[in-house]
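Before any comments, here is the structure.
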Amino acid sequence: MLSRHHCHVTLITPQPTVSNAESKLLSKFFTAFPHVNQLNLHLLPSSSTSSNGDPFFLQFDAIRRSSHLLHPLLSSLSPPLSSFVYDMTLTSPVLPVATAIGVPHYILFTSSASMFSFYSFFPTAAESLSDCDGFNIPGLSFVSKSLMPLQLMDREGVFRKLFMEDSPKLLKLHGVFLNTFEELESDTLKALNLGDVVKDLPPVHALGPFVPCYEFEGLGERGEPLKWLDEQPNGSVIYVCFGSRTALESKQIREIGDGLMRSGFRFLWVVKVNKVDKEDEENGLKGLLGTEILEKIRKENMGLVVKEWVDQRQILDHSAVGGFFSHCGWNSVMEAAFYGVPILGWPLLGDQRINAEFVVSNGGFGIWKKDWGWEGERLVRGEEIGEAIKEFMSNESSVTKAKEVKMAARKSIGVDGSSEINLQKLTDEWKKSQII
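285 is the number that the numbering used here gives to position 283 of the sequence shown; each next residue is one higher, with no gaps.
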């Protein structure tokens with residue numbers, strides 16, 4: 003996106019990577035965009051032993067611990083660095099580096115404007131959480147405790163400490179980038195930029211939805227999922243995927259399989275049992291689903307189950323897909339919005355309940371089952387899942403609203419669209435200051 007607006011871009015890639023999907027995507031990206039400069043950040047080993055050895059958390063910890071190594075790398079760039087965008091989770095460790103280099107710097111907040119409002123406001127209200135059911139946030143209304151990430155309820159937990167440490171430092175940034183658009187979260191964005199949520203907050207720039215890079219995405223060989231979808235009637239398939247790193251327990255996976263069969267609707271289901279795709283080959287589908295369910299799926303020919311990484315955008319763009327059974331991670335929500343696909347939400351962790359509530363209450367292009375609980379909180383039975391899918395796939399109002407959201411999303415990134423104007427204003431400011 004920045005490159006297309008005539009910015010000279012350097013992409014910093016932490017090494018080593020965790021997943022095969024990440025490694026392959028980076029390789030394809032730099033092949034398709036040779037004018038983008040790659041700068042490897044060789045990480046120090048992680049010192050963390052927490053979070054049950056989650057490889058993504060260990061990578062996150064290693065990046066934070068290695069952030070000081072960025073200064074000599076960035077200082078040696080030619081042409082010299084003139085602006086800097088980094089991930090929201092790196093605010094505290096990278097801020098001193100960005101300040102020392104002396105260039106405008108921004109964070110990319112990889113969730114909704116609603117979640118960013120909560121993130122910004124949280125330190126103000128954190129101490130009162132034990133005595134209330136939630137709090138009101140300007141532009142967002144009431145956020146109940148039940149919507150908040152469970153990790154924040156632990157006063158000594160690492161994620162609560164990060165929120166409390168990083169959020170106040172937002173005031174030292176030059177701005178925040180969000181993958182959203184004004185037509186989708188207008189009230190929240192307005193409250194943020196008027197200083198109603200946090201006084202003196204830097205500008206919040208809605209630049210989404212981030213669109214596919216057609217130069218390297220979706221141009222490969224059409225795999226089995228797309229070929230299978232080609233044979234299905236329009237709008238007849240529910241696509242099931244709970245994110246690139248959410249690994250459910252095997253007994254819950256079997257209940258989902260049972261529910262999909264009970265629903266009577268065609269389905270394309272991406273199963274994930276390990277957080278890292280390098281480990282996925284260890285478990286076959288038969289061992290996960292059980293012979294009975296797998297044979298029933300094959301016999302009735304109502305669904306396709308895959309374990310490999312899929313191009314989700316291509317699937318959501320397919321005419322056969324009429325609904326998306328999702329965890330409500332923000333990237334998935336925005337992709338569904340871009341392609342006009344309604345969402346059946348089952349938020350499992352983190353920001354996903356706030357996102358799901360937004361989809362239902364503000365976006366209006368989906369439903370979510372509030373009594374199913376967080377990941378692992380209880381076993382959701384196949385009967386419940388089957389009935390929810392029937393209700394969802396028969397909901398015409400969600401389909402209509404999803405089409406309206408799609409039109410608004412496409413308009414926002416088109417000529418004179420809100421996100422296009424926001425990005426143009428940014429690059430114009432950089433040009434005036436000779437930043438590009």
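Don't be surprised by glycine CBs; every beta carbon is placed ideally from N, CA and C.
This one's a predicted model, so the numbers in the text were calculated from it and none came from an experiment.
{"query": "Going by DSSP, name the residue or residues bridged to D107.", "result": "Asp is not the amino acid found at residue 107; the sequence shown has His there. According to DSSP, H107 bridges with F86."}
{"query": "If K171 and T93 are in contact, beta carbons under 8 Å, what's the gap, nearest whole angstrom?", "result": "5 Å"}
{"query": "Per DSSP, what are the beta-bridge partners of G445 in this structure?", "result": "This structure gives no information on residue 445, because the portion of the chain shown stretches from 3 to 438."}
{"query": "Taking the DSSP output, what are the residues bridged to Q17?", "result": "H44"}
{"query": "Let me check one thing: in DSSP terms, what residues is L381 bridge-paired to?", "result": "According to DSSP, L381 bridges with nothing at all."}
{"query": "Name the two residues that bound the continuous beta strand (DSSP E) containing H207.", "result": "V206 to A208"}
{"query": "Beta carbon of W332, beta carbon of S122: below 8 Å?", "result": "no"}
{"query": "Leaving aside the five residues before and after R264 along the sequence, list all residues of the same chain whose C-beta is less than 7 Å from its C-beta, in chain order.", "result": "G384, E385 and G388"}
{"query": "How many Å lie between E284 and F35 at the Cα?", "result": "Interpretation of E284 is limited by its pLDDT of 45, a score under 50 that renders its predicted location unreliable; the figure taken from the coordinates is listed afterwards. For E284 and F35, the distance between alpha carbons rounds to 34 Å."}
{"query": "According to DSSP, T12 sits in a beta bridge with which residue or residues?", "result": "N39"}
{"query": "Since I believe S69 is in contact with V38 (beta carbons under 8 Å), could you give me their beta-carbon distance rounded to a whole number of angstroms?", "result": "22 Å between Cβ atoms; not a contact."}
{"query": "Do you know how far the Cα of V362 is from the Cα of F179?", "result": "24 Å"}
{"query": "DSSP three-state label for N195, please.", "result": "helix"}
{"query": "Go through the stretch 90-141 residue by residue and report every complete run of the beta strand (DSSP E) that reaches 3 residues or more, in order.", "result": "107-111 and 136-139"}
{"query": "Taking 8 Å as the threshold (C-beta atoms), are S328 and C215 in contact?", "result": "no"}
{"query": "Could you give the distance in angstroms between the alpha-carbon of L154 and the alpha-carbon of G324?", "result": "35 Å"}
{"query": "Take Y108 and list the residues in its own chain whose beta-carbon comes closer than 7 Å to its own, dropping the five residues that flank it on each side.", "result": "V87, L175, H176, G177, V178 and F179"}
{"query": "Would you give the residue range spanned by the beta strand (DSSP E) that W370 belongs to?", "result": "G368 to W370"}
{"query": "Determine the closest residue to S21 out of L60, S396, S420 and I255, with distance taken between C-alpha atoms.", "result": "L60"}
{"query": "Tell me whether the stretch 304-318 and the stretch 71-89 touch, counting them as touching only if at least three CB pairs, one residue from each stretch, are closer than 8 Å.", "result": "no"}
{"query": "At which residue ranges does the stretch 302-374 contain complete alpha helix (DSSP H) runs of 4 or more residues, listed in the order of the chain?", "result": "314-318, 332-341 and 354-360"}
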